[in-house]
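*Asks:* Below you will find the structure I want to go over with you.
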DNA sequence: ACGCATCGTCGATACGCATCGATAATCACA
DNA sequence: TGTGATTATCGATGCGTATCGACGATGCGT
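Protein chains in written order, with the UniProt record's numbering: chain A, 1 to 340; chain S, 1 to 340.
Pasting the structure below:
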């Protein structure tokens, strides 16, 4: 492997000059720049990351802490991971995987050994046990998810409250007066991620404003449970029933149950789920969706941490960013009556 | 951040002694070891990864190249990623994410900058464009997937041929004489990953041995296509029809189509799919599965590369490892007749 | 033509650790 | 008690880059 010294020799300049050509931190004449760049090309020189980290005290690596809960919709987590990795490259950074299994000590490890300059935590719980450690780390950390006490932390997430409001508003506008909200599956609820309550609070808020009724019913992957929830909803509904199933897995089960009850989404029942546009279109009856915009959340998380790394002002920061959600009509919901 | 020099000072020894205590590469008296370890504790010392990499020429980081194809079952990819990351930790290594978007230059980048000591490539295609680059890199690389020409490469994958054989053997034993195999979805087939043909070859081999007939039919996510495939299968089948759908997405569509044709898996049709045990049990009718053992493949991939890193014999290696698949009976297939 | 500021480049040093050779301390054995 | 072999530790050096101070070269104004 060639070093910057080799490049310098080949170009007939000092090693420091090569360094300055690369960093641009001092003016370099067009002539020497050319010589150096040619030498770099010919030797296919690439700077050594370790040496660079040692000298500059920056690794240009961001640690990404990923959850692995079989019950969670892994496909969506993969979307976060993928977008985060690609976005990091745009800022000339790389992503180091840290699994949730390592817990809080894992965070201290990668930061303490200075393997990475900062961290992104996914799937942060309301009362996450890692928060004390996060606050004590002297590097930027961005949380995806909003803990109960976000003081002193930098957080970003989809605006679940807005999502809840949008769903209810939309169904109310379509003429529904009773709207049933299926909870996330128990495995998610038990994690105390507080997006669940934020979503529910949004539905309540909108319901109050619009004068419609919202039923909160148990979710899950158990067909029995969903069956009961649906039956209860039907019993308490006057007019056309409406369901909101923000959990991807729950909505799959819901679809089957509705079919077994002889109900057709878009005709004699309205359903809003959460799925990517591609997936929503693939359904037998295209699903109206509330888009929680994982890609946008991911991109912003990376931007935030890279900005913090750039700033390097050492002072503790605190911020909270909510990404607006988007609701999209498809065939699974009734159309709003004209002129209302 | 304390350095090993600080530790040395606190313990009243030389910096090199601290280093030897940590690495164990030279004998250290019990007394000094204790002093040094106490100092490490008190200062919460952690060695600097950059300096370590620079001095030892080893980063203890493995690059993992992940695919991102929306059509692919992202959930299963996430399982690979997660198990690989956790297993790497057992060998005291970390995982750096490299996205497929970076292509071959991405591999040269992470290796050239010496960000990682070796690579694991997922979802390797039969005629993967990155192979020439892989062969030219002077670091260990493990491929998950078998390219058409595996010479000079280290590969591991599930034994898809065995999987094909097992499925056919199993259905033949249950009394089926005509067995229909649905292809992977076109997006997968078009990638020329050759596990598709390995699987098909396995089914043919078993069919020939056992004297049963195997039909290869188009797969996909399009309900029309699967409908046609099913109808064709039914037309050509004498006795109870049997389907093998190795692609998770295809099998979902198949299930719906069979329902619409009034066929019940396990009663008047047999179905074998590929899914994790958990998922298989969750189906309305528990699905008989062929387990491709992603976790085991992942673990072995990590073991292989860590062994190669340990060996460090520089000489080019070549190996090919196939992980045995496991077939599991559940309610979706007929039971074999007694006494046969 | 002379002094002065600016530009472009060089040499030296530090970053934190691993590792090699050397040395002091200890021991076995004659 | 002296000699050689171990054992435990130290000091020095190198890994490849970033960065600081210094210095020669160049341009400007007068």
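From the three backbone atoms N, C-alpha and C, an ideal C-beta is built for every residue, glycine too.
Below 6 Å CB to CB, which residues in the same chain sit around residue 326 of chain A once its five sequence neighbours on both sides are set aside?
*Replies:* 291
*Asks:* Only counting runs of 3 or more residues, tell me where the beta strand (DSSP E) segments fall wholly within the stretch 71 to 134 of chain A, in order along the chain.
*Replies:* 94 to 99, 118 to 121
*Asks:* Tell me which residue opens and which closes the alpha helix (DSSP H) that residue 260 of chain S is part of.
*Replies:* 248 to 260
*Asks:* Against chain A, does residue 282 of chain S count as a neighbour if the rule is that its beta carbon must be under 8 Å from one of theirs?
*Replies:* yes
*Asks:* Check residue 336 of chain A in the structure and name its three-state DSSP category.
*Replies:* coil
*Asks:* Do residue 173 of chain S and residue 336 of chain S have their C-beta atoms closer together than 8 Å?
*Replies:* yes
*Asks:* Going by CA-CA distance only, name the one from S/240, S/144, S/328, S/299 that's closest to residue 348 of chain S.
*Replies:* A question about residue 348 of chain S goes unanswered here, because the residues of chain S that appear run from 1 up to 340.
*Asks:* Identify whether residue 237 of chain S lies in helix, strand or coil by the three-state DSSP scheme.
*Replies:* coil
*Asks:* With DSSP collapsed to three states, give me the class of residue 220 of chain A.
*Replies:* coil
*Asks:* For residue 115 of chain S and residue 119 of chain A, I'd like the C-alpha separation in whole angstroms.
*Replies:* 18 Å
*Asks:* How about the stretch 173 to 186 of chain S and the stretch 139 to 149 of chain S: do they share at least three Cβ pairs that are nearer than 8 Å?
*Replies:* In this structure the stretch 173 to 186 of chain S does not lie against the stretch 139 to 149 of chain S, because fewer than three pairs of beta carbons, one per stretch, are closer than 8 Å.
*Asks:* May I ask you to list the residues that DSSP assigns as paired with residue 155 of chain A?
*Replies:* A/143, A/320
*Asks:* Judging by CA-CA distance, which residue of S/321, S/82, S/271 is the nearest neighbour of residue 158 of chain S?
*Replies:* Residue S/321 is the option with its Cα nearest to residue 158 of chain S.
*Asks:* At a Cβ threshold of 8 Å, is residue 333 of chain A touching chain S?
*Replies:* no
*Asks:* Which residues in the same chain as residue 271 of chain S place their Cβ atom closer than 6 Å to its Cβ, once the five residues preceding and following it in sequence are excluded?
*Replies:* 243, 265, 332
*Asks:* Beta strand (DSSP E) containing residue 175 of chain S: first to last residue?
*Replies:* No beta strand (DSSP E) holds residue 175 of chain S; DSSP gives it neither H nor E.
*Asks:* DSSP three-state label for residue 243 of chain S, please.
*Replies:* strand
*Asks:* Rank A/254, A/204, A/216, A/248 by C-alpha distance to the C-alpha of residue 226 of chain A and give the top, closest one.
*Replies:* A/254
*Asks:* Report yes or no: is there a C-beta of chain S within less than 8 Å of the C-beta of residue 89 of chain A?
*Replies:* yes
*Asks:* Run the CB neighbour count on residue 161 of chain A, radius 10 Å, all protein chains shown included, and call it buried at 16 or more, exposed below.
*Replies:* buried
*Asks:* Is it the case that the CB of residue 164 of chain A approaches a heavy atom of the ligand ADP more closely than 7 Å?
*Replies:* Looking at this structure, you won't find the ligand ADP or any other ligand, since it has none at all.
*Asks:* Below 7 Å between beta carbons is the criterion; list the residues of the stretch 222 to 238 of chain S that meet it against any residue of chain A, in chain order.
*Replies:* none
*Asks:* Rounded to the nearest angstrom, how far is the Cβ of residue 353 of chain A from that of residue 107 of chain A, given a contact under 8 Å?
*Replies:* There is no way to answer for residue 353 of chain A, as the model of chain A reaches only from 1 to 340.
*Asks:* Closer than 8 Å is the cut-off here; do at least three beta carbon pairs connect the stretch 77 to 94 of chain A with the stretch 24 to 42 of chain A?
*Replies:* With the rule of 3 Cβ pairs closer than 8 Å, the stretch 77 to 94 of chain A does not count as touching the stretch 24 to 42 of chain A.
*Asks:* Assuming residue 36 of chain S and residue 55 of chain S are in contact, meaning their beta carbons sit under 8 Å apart, how far apart are those beta carbons, in whole angstroms?
*Replies:* Contact doesn't hold; Cβ gap of about 18 Å is too wide.
*Asks:* Residue 80 of chain S CB to nearest chain A CB: under 8 Å?
*Replies:* no
*Asks:* Scan the UniProt domain "HTH lacI-type" (2 to 56) of chain A for residues whose Cβ lies nearer than 7 Å to a Cβ of chain S and list them as they occur along the chain.
*Replies:* 46, 47, 48, 49, 50, 51, 53, 54
*Asks:* Name the chain A residues that come within less than 7 Å of residue 85 of chain S, Cβ to Cβ?
*Replies:* 97, 99
*Asks:* Hey, is residue 102 of chain A's beta-carbon within less than 8 Å of any beta-carbon in chain S?
*Replies:* Closer than 8 Å to the CB of residue 102 of chain A there is at least one CB belonging to chain S.
*Asks:* Would residue 123 of chain S count as contacting chain A if we go by Cβ distances under 8 Å?
*Replies:* Not one beta carbon of chain A lies nearer than 8 Å to the beta carbon of residue 123 of chain S.
*Asks:* Quick one: list the residues of chain S neighbouring residue 59 of chain A, beta-carbon separation under 8 Å, in chain order.
*Replies:* Listed along chain S, the residues sitting closer than 8 Å to residue 59 of chain A by beta-carbon distance are 49, 50.
*Asks:* Listing by chain order, which chain S residues have their CB less than 8 Å from the CB of residue 75 of chain A?
*Replies:* By Cβ distance, chain S contributes 73, 74, 75, 78.
*Asks:* Have a look at S/23, S/16, S/2, S/62 and flag the residue whose alpha-carbon is nearest the alpha-carbon of residue 44 of chain S.
*Replies:* S/2
*Asks:* Ignore the nearest five residues each way along the sequence and tell me which others in residue 33 of chain A's own chain have a CB closer than 6 Å to its CB.
*Replies:* Within its own chain, the residues whose Cβ lies closer than 6 Å to the Cβ of residue 33 of chain A, once the five positions on either side in sequence are excluded, are 21, listed in chain order.
*Asks:* Return the residue from the list A/67, A/112, A/189 that minimises the CA-CA distance to residue 138 of chain A.
*Replies:* A/112
*Asks:* Ignoring anything shorter than 4 residues or poking outside the stretch 7 to 56 of chain S, list the alpha helix (DSSP H) runs there in chain order.
*Replies:* 15 to 23, 30 to 43, 49 to 56
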